[in-house]
Every structure is written in C-alpha cells, then in structure tokens.
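In this note's numbering, the protein residues as written are 39 to 149. Notes to accompany the following structure.
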C-alpha cells in the first residue's frame, strides 16, 4: 500500500499504481488494437519548469508532470490522460494540470 492506500497492480509485465489505472490501460490497449487510437504511451514526462541555477549550481530542481497515458485519436488529436480519484486530486496535481494548459496548451483529461 502507498500513501493513497491503493495496491500496485501488474498487467502484461507492467506495474500500475492502482487497479483503476490497470483497467484503463486494458481499455486503451483494446482501442489501440481496433485502430480507434494510435501511439499509446505510458508515464510520459513533461517539464513544466526547468531547473533553476545560480552561479552554475542547481538551486531548484525542475518541476515535472508525468502523464499516465498519452495517445492520438483517429482525428489526430493528442490526448494526455491521468487516472484520478478524489484522494489523488491534490493541490499539487491541480497546479501541474494548470501549468500543462498554460505552457503546452494541453488540457489533461481525468478519468
């Protein structure tokens, strides 16, 4: 169990943070096989704020958002998805979601 009280799940040799995320992967994998989506990726990092340096020394690490899934729809739209529960919809996540929209023009889809 982790801090959100969910158990890790393994599916197809991949480890997921929750059963819900593993189920979503199964759904997306089916959509991929049927051609509804393409280019399915998991755990895709986005750098929201680069590391900050003073005098060549890193004083602040970069801020990153890691999307659970990224894929392309039939009409060519890139979708960034995050599997969320009320417990994982933290203030930090909400700030990162807003930064994704501001910096990349990407609205994170919560499922």
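For each residue, glycine too, the CB sits at the ideal point set by N, CA and C.
Assigned exposure category for residue i - 16 Cβ within 10 Å defines buried
i           : result
residue 123 : exposed
residue 134 : buried
residue 66  : buried
residue 72  : exposed
residue 125 : exposed
residue 56  : buried
residue 106 : buried
residue 118 : buried
DSSP beta-bridge partners of residue i
i           : result
residue 105 : 82
residue 120 : 148
residue 95  : 92
residue 52  : 49
residue 75  : 111
residue 87  : 101
Boundaries of the beta strand (DSSP E) in which residue i is found, first to last residue
i          : result
residue 48 : 47-49
Host alpha helix (DSSP H) of residue i (start-end)
i           : result
residue 112 : Per DSSP, residue 112 belongs to no alpha helix (DSSP H) and is neither H nor E.
residue 91  : No alpha helix (DSSP H) contains residue 91, which is instead part of the beta strand (DSSP E) from 90-92.
residue 62  : 57-71
Simplified DSSP assignment, three categories, for residue i
i           : result
residue 126 : helix
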